[in-house]
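Chemist:
Protein chains: 4
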Amino acid sequence: MPTTIQTQFDTLNQRMNACWRRILDNSPLVAAVLGGCTDRRLYALYLIETFHYTRHNAKNQALVAVCNDGQHSPYLQFCLRHAADEAGHELMALHDLKTLGINPEDVTASQPMPNTDVLIGYLYWISVQGNPFQRLGYSYWAESCYEAIGPVLQGIKTHMGIPPQAMTFFIDHATIDTKHAEMVQQMIELTAKTPADWQAIGRVLDTSLTLTGRILDDVYIEYEKLVKGQNSAYTYLNTLIK
Amino acid sequence: MPTTIQTQFDTLNQRMNACWRRILDNSPLVAAVLGGCTDRRLYALYLIETFHYTRHNAKNQALVAVCNDGQHSPYLQFCLRHAADEAGHELMALHDLKTLGINPEDVTASQPMPNTDVLIGYLYWISVQGNPFQRLGYSYWAESCYEAIGPVLQGIKTHMGIPPQAMTFFIDHATIDTKHAEMVQQMIELTAKTPADWQAIGRVLDTSLTLTGRILDDVYIEYEKLVKGQNSAYTYLNTLIK
Amino acid sequence: MPTTIQTQFDTLNQRMNACWRRILDNSPLVAAVLGGCTDRRLYALYLIETFHYTRHNAKNQALVAVCNDGQHSPYLQFCLRHAADEAGHELMALHDLKTLGINPEDVTASQPMPNTDVLIGYLYWISVQGNPFQRLGYSYWAESCYEAIGPVLQGIKTHMGIPPQAMTFFIDHATIDTKHAEMVQQMIELTAKTPADWQAIGRVLDTSLTLTGRILDDVYIEYEKLVKGQNSAYTYLNTLIK
Amino acid sequence: MPTTIQTQFDTLNQRMNACWRRILDNSPLVAAVLGGCTDRRLYALYLIETFHYTRHNAKNQALVAVCNDGQHSPYLQFCLRHAADEAGHELMALHDLKTLGINPEDVTASQPMPNTDVLIGYLYWISVQGNPFQRLGYSYWAESCYEAIGPVLQGIKTHMGIPPQAMTFFIDHATIDTKHAEMVQQMIELTAKTPADWQAIGRVLDTSLTLTGRILDDVYIEYEKLVKGQNSAYTYLNTLIK
Numbered sequence: 045m046p047t048t049i050q051t052q053f054d055t056l057n058q059r060m061n062a063c064w065r066r067i068l069d070n071s072p073l074v075a076a077v078l079g080g081c082t083d084r085r086l087y088a089l090y091l092i093e094t095f096h097y098t099r100h101n102a103k104n105q106a107l108v109a110v111c112n113d114g115q116h117s118p119y120l121q122f123c124l125r126h127a128a129d130e131a132g133h134e135l136m137a138l139h140d141l142k143t144l145g146i147n148p149e150d151v152t153a154s155q156p157m158p159n160t161d162v163l164i165g166y167l168y169w170i171s172v173q174g175n176p177f178q179r180l181g182y183s184y185w186a187e188s189c190y191e192a193i194g195p196v197l198q199g200i201k202t203h204m205g206i207p208p209q210a211m212t213f214f215i216d217h218a219t220i221d222t223k224h225a226e227m228v229q230q231m232i233e234l235t236a237k238t239p240a241d242w243q244a245i246g247r248v249l250d251t252s253l254t255l256t257g258r259i260l261d262d263v264y265i266e267y268e269k270l271v272k273g274q275n276s277a278y279t280y281l282n283t284l285i286k
Numbered sequence: 045m046p047t048t049i050q051t052q053f054d055t056l057n058q059r060m061n062a063c064w065r066r067i068l069d070n071s072p073l074v075a076a077v078l079g080g081c082t083d084r085r086l087y088a089l090y091l092i093e094t095f096h097y098t099r100h101n102a103k104n105q106a107l108v109a110v111c112n113d114g115q116h117s118p119y120l121q122f123c124l125r126h127a128a129d130e131a132g133h134e135l136m137a138l139h140d141l142k143t144l145g146i147n148p149e150d151v152t153a154s155q156p157m158p159n160t161d162v163l164i165g166y167l168y169w170i171s172v173q174g175n176p177f178q179r180l181g182y183s184y185w186a187e188s189c190y191e192a193i194g195p196v197l198q199g200i201k202t203h204m205g206i207p208p209q210a211m212t213f214f215i216d217h218a219t220i221d222t223k224h225a226e227m228v229q230q231m232i233e234l235t236a237k238t239p240a241d242w243q244a245i246g247r248v249l250d251t252s253l254t255l256t257g258r259i260l261d262d263v264y265i266e267y268e269k270l271v272k273g274q275n276s277a278y279t280y281l282n283t284l285i286k
Numbered sequence: 045m046p047t048t049i050q051t052q053f054d055t056l057n058q059r060m061n062a063c064w065r066r067i068l069d070n071s072p073l074v075a076a077v078l079g080g081c082t083d084r085r086l087y088a089l090y091l092i093e094t095f096h097y098t099r100h101n102a103k104n105q106a107l108v109a110v111c112n113d114g115q116h117s118p119y120l121q122f123c124l125r126h127a128a129d130e131a132g133h134e135l136m137a138l139h140d141l142k143t144l145g146i147n148p149e150d151v152t153a154s155q156p157m158p159n160t161d162v163l164i165g166y167l168y169w170i171s172v173q174g175n176p177f178q179r180l181g182y183s184y185w186a187e188s189c190y191e192a193i194g195p196v197l198q199g200i201k202t203h204m205g206i207p208p209q210a211m212t213f214f215i216d217h218a219t220i221d222t223k224h225a226e227m228v229q230q231m232i233e234l235t236a237k238t239p240a241d242w243q244a245i246g247r248v249l250d251t252s253l254t255l256t257g258r259i260l261d262d263v264y265i266e267y268e269k270l271v272k273g274q275n276s277a278y279t280y281l282n283t284l285i286k
Numbered sequence: 045m046p047t048t049i050q051t052q053f054d055t056l057n058q059r060m061n062a063c064w065r066r067i068l069d070n071s072p073l074v075a076a077v078l079g080g081c082t083d084r085r086l087y088a089l090y091l092i093e094t095f096h097y098t099r100h101n102a103k104n105q106a107l108v109a110v111c112n113d114g115q116h117s118p119y120l121q122f123c124l125r126h127a128a129d130e131a132g133h134e135l136m137a138l139h140d141l142k143t144l145g146i147n148p149e150d151v152t153a154s155q156p157m158p159n160t161d162v163l164i165g166y167l168y169w170i171s172v173q174g175n176p177f178q179r180l181g182y183s184y185w186a187e188s189c190y191e192a193i194g195p196v197l198q199g200i201k202t203h204m205g206i207p208p209q210a211m212t213f214f215i216d217h218a219t220i221d222t223k224h225a226e227m228v229q230q231m232i233e234l235t236a237k238t239p240a241d242w243q244a245i246g247r248v249l250d251t252s253l254t255l256t257g258r259i260l261d262d263v264y265i266e267y268e269k270l271v272k273g274q275n276s277a278y279t280y281l282n283t284l285i286k
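Protein sequences, first through last, are from chains A, B, C and D.
Quick note, my numbering runs 44 ahead of the 1-based positions in the first sequence.
Quick note, my numbering runs 44 ahead of the 1-based positions in the second sequence.
Quick note, my numbering runs 44 ahead of the 1-based positions in the third sequence.
Quick note, my numbering runs 44 ahead of the 1-based positions in the fourth sequence.
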């Protein structure tokens, strides 16, 4: 990799790591999990939101190709191939919820939390306008997030006693995504030519990761409502209390 | 107005007021303005973001009509009429910046701040999917915000000494929007039939207002960079320092 | 009007007139009407298709503004204003059908004929991509078509004995559209700067008018089925036989 | 295959064959080729239009998945996979033109002919609205067209002396598409449940094939201009005259 590209990736990684730091250090959800929370409802709530936004990933990824005005390119091909590969991954989140004992229909009938809706809307927006390569900034962190969230997943496994067959979304993705992460990196190397390209990719990386952090906050608010026995759309998760 | 509709509007207003309260009580920008900040760069930064998101309001409003699958209706007519009425209002923000001495081309060449982009993307998203009436939740607070932000505008006027001819966006809208606010209220009365309709409207009200509050936060972060002489894309505003 | 612009309009008018000539000279529907056809089912069939494509005119017109990437402009304003003005005009066609004794629900439940679908799809397509001014080519002939189709409307009135209150779509539009036609012409004068602009406008004029001619052909084919008592989705129009 | 499904496919095939019959019997282009036309410009013109509409096939195919509102399904997966498979196939048409000695930039800079634009617009339209399975009607004939157009391709090869390396688009597709045709048939078997589904598929089959026939007519009109030495945007093809 030429030095200048390596420098650009270093900048990108610093930005990503700083953003992860902000989220991991400030998220009450992360603090609860790392602090030994044994309540599976917290995990279930996060899986539900994962189901909701993951449903749109293949679609907004495909939209990048649909909105491409130029000639065919490896990037356009990547967008469509990647979309096809990602389609239906939300079913793993649904499967994990089912394994926990949750009725999938309760999940599919639920509405995304506000910040989940915000992330979904943002991903469509950056897929249909602006720098054509900018969505790679989302893929860049999403496909390589397992190092950052490893301790959280470990906490969920250990403290809540979640079996592997109820963590397929995260376990399978950790495997699949190593390959995807390499492809995303190669695609960035291939497409990012100008400082504006790198900046657009970095910007979407930062904003989409920040918005994902806000989903954790929404999840924790709803979790607290359940804990306090307040009015909630998620009381069906109370069957998870042991 | 029948009691049940009045009750629904009361709920909507409580939600709106609580959201405003959260923003006004926690925004460092609001605190600075009410605390007597005399630095016009703060106002200019907010006008720049106002320019950016206002450019999209007519478009996402029109999209609601474009995506309407059903027969013609007063609501569809309202969406198109309202879009035509709102088009070009961003030019008032640009005019105000010009009056302050800012080169409009610096503004039009600037990129929206991340949270401005997030609001814009969200408004397109809720305009193309979900409950067809939900965008009224955005109009509801946007067309009636002058009571809530009155003290802030007063602070800008008094402490920064901004003349009326550099506040046309806010002054003119305060007038225009009284009429619009009534139309929006009537439209909600006409369209919101089910609890789900009211909930969708309330949800978009809450989320879009919260996202607007986050724009204030972005603006304040950029303002602090300018104050500290840090690296910034907005140094062209330093000519506003008296 | 400067000479060069006048020359461009002359070229546009020649293209439009040649296209009308082709349609009027070759359409079996036109021949039937001018030849004294007294069967109101032929008129009703055309009104049904008019209802179908007119429903989309305000929407695809608004889309031109939504897809506009640039700054505000009189053209963008025109698109939104014109969309608002055109919205709901399909209800006049529905009203005329009702006046003739047709149940509006039969009409709204019907599917557009294939060539009507083709015109609708084409108008959305030219509204979302290509030369931003090209949709004016559709408005140009649509708002000034009453001279060309005058004899056909006269034939419908005379031979079929259709009263004015069942011809409101065409009568009202003939009046409204004189004003619209002027606005469209002014907008072309304002926006068409390059030969490519004029060519794009001329191309859409020609293609959309040709596709409209094909709707007449579809209508006539369905009419013949009714006359021959063949299998048809429009047998509900047989109540119009006197 | 159950009898009722076989019957539905029989109806579909009859409709397709009747449509092919109409095109093959009436197209002056087909008559010229079968009549022994040796002029490669005719083939080149058709390849140019093939390049233009093929560029959009992957995009409108992907759009079907993007616009899908429901849960994940084999059909949604098929749409994305098929889109990824079809992407870039227009480059084969470009390659064939290059092999003939045509500058690819002349081709990519050219505008589609009117009826090519109409087909492209129609395919987007039926991909974003209406029956979600209806685009299968386009794939159904497109992936199995080699029997119907075999004699035409044979004529091109024999009379014009086109070598296989300048016919890769058609030769490769004939092979690829046998597999695709099976997948399309299976997908129709899987998705088409109601008479309305079958009718929507048949309707799109019929209309999109008819529109493709009109492209042949446009091509022949431009060919005749070249033959007569009239004003034409395609004079760069005259280098093909031996």
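Even glycine gets a Cβ: it sits at the ideal position worked out from N, Cα and C.
Which of the residues in the segment 101 to 112 of chain D, read from start to end, lie with their CB under 7 angstroms from any CB of chain A?
Modeler: 102, 103, 106, 107, 109, 110
Chemist: Measure the CB-CB distance between residue 255 of chain D and residue 180 of chain D and report whether it falls below 8 angstroms.
Modeler: no
Chemist: Where does residue 177 of chain A sit, in a helix, a strand or coil, going by DSSP?
Modeler: coil
Chemist: Pull up the CB-CB distance for residue 115 of chain B and residue 152 of chain C, whole angstroms please, since I reckon it's below 8 angstroms.
Modeler: Between residue 152 of chain C and residue 115 of chain B the Cβ distance is about 7 angstroms, and since that is below 8 angstroms, they are a contact.
Chemist: Compute the Euclidean distance between the alpha carbons of residue 235 of chain B and residue 249 of chain D, then round it to the nearest angstrom.
Modeler: Rounded to the nearest angstrom, the two C-alpha atoms are 39 angstroms apart.
Chemist: Could you check the C-alpha separation between residue 270 of chain D and residue 276 of chain D for me, to the nearest Å?
Modeler: Inter-residue distance for residue 270 of chain D and residue 276 of chain D is about 7 angstroms (C-alpha atoms, whole angstroms).
Chemist: For the pair the segment 84 to 103 of chain A and the segment 45 to 60 of chain B, tell me if three or more CB-CB distances fall below 8 angstroms.
Modeler: no
Chemist: Could you check if residue 63 of chain D is buried or exposed, using at least 16 other CB atoms within 10 Å of its CB as the buried criterion?
Modeler: buried
Chemist: May I ask which residues mark the beginning and end of the alpha helix (DSSP H) holding residue 137 of chain A?
Modeler: 134 to 144
Chemist: Would you give the residue range spanned by the alpha helix (DSSP H) that residue 216 of chain B belongs to?
Modeler: Residue range 212 to 235 is occupied by the alpha helix (DSSP H) that includes residue 216 of chain B.
Chemist: In three-state DSSP terms, what is residue 273 of chain C?
Modeler: coil
Chemist: Measure the beta-carbon distance from residue 76 of chain A to residue 146 of chain A and round it to whole angstroms, keeping in mind my assumption that it falls under 8 angstroms.
Modeler: Residue 76 of chain A to residue 146 of chain A, Cβ: 20 angstroms. No contact.
Chemist: Please classify residue 111 of chain D as buried or exposed, where buried requires at least 16 neighbouring CB atoms within 10 angstroms.
Modeler: exposed
Chemist: Any contact of the segment 80 to 87 of chain A with the segment 191 to 210 of chain A, i.e. 3+ C-beta pairs under 8 angstroms?
Modeler: yes
Chemist: Inspect the beta-carbon positions of residue 140 of chain C and residue 73 of chain C and report whether they are closer than 8 angstroms.
Modeler: no
Chemist: To which residues of the same chain is residue 252 of chain A closer than 6 angstroms at the C-beta, ignoring the five residues directly before and after it?
Modeler: In its chain, beyond the 5 residues on either side, 182 have a beta carbon closer than 6 angstroms to the beta carbon of residue 252 of chain A.
Chemist: Since residue 143 of chain C and residue 210 of chain C should fall inside the 8 angstroms C-beta cutoff, what is the C-beta to C-beta distance between them, to a whole number of angstroms?
Modeler: A Cβ-Cβ distance of about 4 angstroms is found for the pair residue 143 of chain C and residue 210 of chain C, placing them in contact under the 8 angstroms criterion.
Chemist: Considering only residues of the segment 71 to 134 of chain D, which uninterrupted alpha helix (DSSP H) runs meet the minimum length of 4 residues and lie entirely inside it, listed in chain order?
Modeler: 72 to 78, 84 to 110, 118 to 130
Chemist: Nearest to residue 186 of chain B by alpha carbon, out of B:177, B:222, B:159, B:66?
Modeler: The shortest Cα separation from residue 186 of chain B among B:177, B:222, B:159, B:66 belongs to B:222.
Chemist: Using a Cβ-Cβ cut-off of 8 angstroms, state whether residue 167 of chain A counts as contacting chain D.
Modeler: no
Chemist: Measure the Cβ-Cβ separation of residue 258 of chain D and residue 159 of chain D and say whether it is below 8 angstroms.
Modeler: yes
Chemist: Less than 8 angstroms between CB atoms is the rule here; does residue 251 of chain B satisfy it with respect to chain A?
Modeler: yes
Chemist: Is the beta carbon of residue 178 of chain A sitting closer than 8 angstroms to the one on residue 244 of chain A?
Modeler: yes
Chemist: For residue 247 of chain A and chain B, any beta-carbon pair shorter than 8 angstroms?
Modeler: yes
Chemist: Just by C-beta distance, which residues in the segment 149 to 173 of chain C are closer than 9 angstroms to chain B?
Modeler: Cβ contacts with chain B: 152.
Chemist: Report buried or exposed for residue 161 of chain A, applying the criterion of at least 16 other Cβ atoms within 10 angstroms of its Cβ.
Modeler: buried
Chemist: Can you list, in chain order, the residues of its chain whose CB lies under 6 angstroms from that of residue 280 of chain C, leaving out five sequence neighbours each side?
Modeler: 150
Chemist: Along the segment 248 to 278 of chain A, what residues have a CB closer than 8 angstroms to any CB found in chain D?
Modeler: Listed by position along the chain: nothing, the set is empty.
Chemist: What residue range does the alpha helix (DSSP H) around residue 24 of chain A cover?
Modeler: Limits of chain A in this structure are 45 at one end and 286 at the other, which puts residue 24 of chain A out of reach.
Chemist: Of all Cβ atoms in chain B, is any one closer than 8 angstroms to the Cβ of residue 116 of chain C?
Modeler: yes
Chemist: Quick check: what's the CA-CA separation for residue 46 of chain A versus residue 246 of chain A?
Modeler: 19 angstroms
Chemist: So, are the CB atoms of residue 42 of chain D and residue 106 of chain D less than 8 angstroms apart?
Modeler: Past the edges of chain D, shown from 45 to 286, lies residue 42 of chain D, and the structure says nothing about it.
Chemist: Quick check on this structure: which residue in D:226, D:132, D:154 has the alpha carbon closest to the alpha carbon of residue 124 of chain A?
Modeler: By alpha-carbon distance to residue 124 of chain A, the top candidate from D:226, D:132, D:154 is D:132.
Chemist: My output table needs one value for residue 149 of chain D: the three-state DSSP class, helix, strand or coil.
Modeler: Residue 149 of chain D falls in the helix class under three-state DSSP.
Chemist: Look at the Cβ atom of residue 176 of chain A, then the Cβ atom of residue 228 of chain A, and state whether they are nearer than 8 angstroms.
Modeler: no
Chemist: Residue 166 of chain C lies in the alpha helix (DSSP H); which residues open and close that run?
Modeler: 158 to 172
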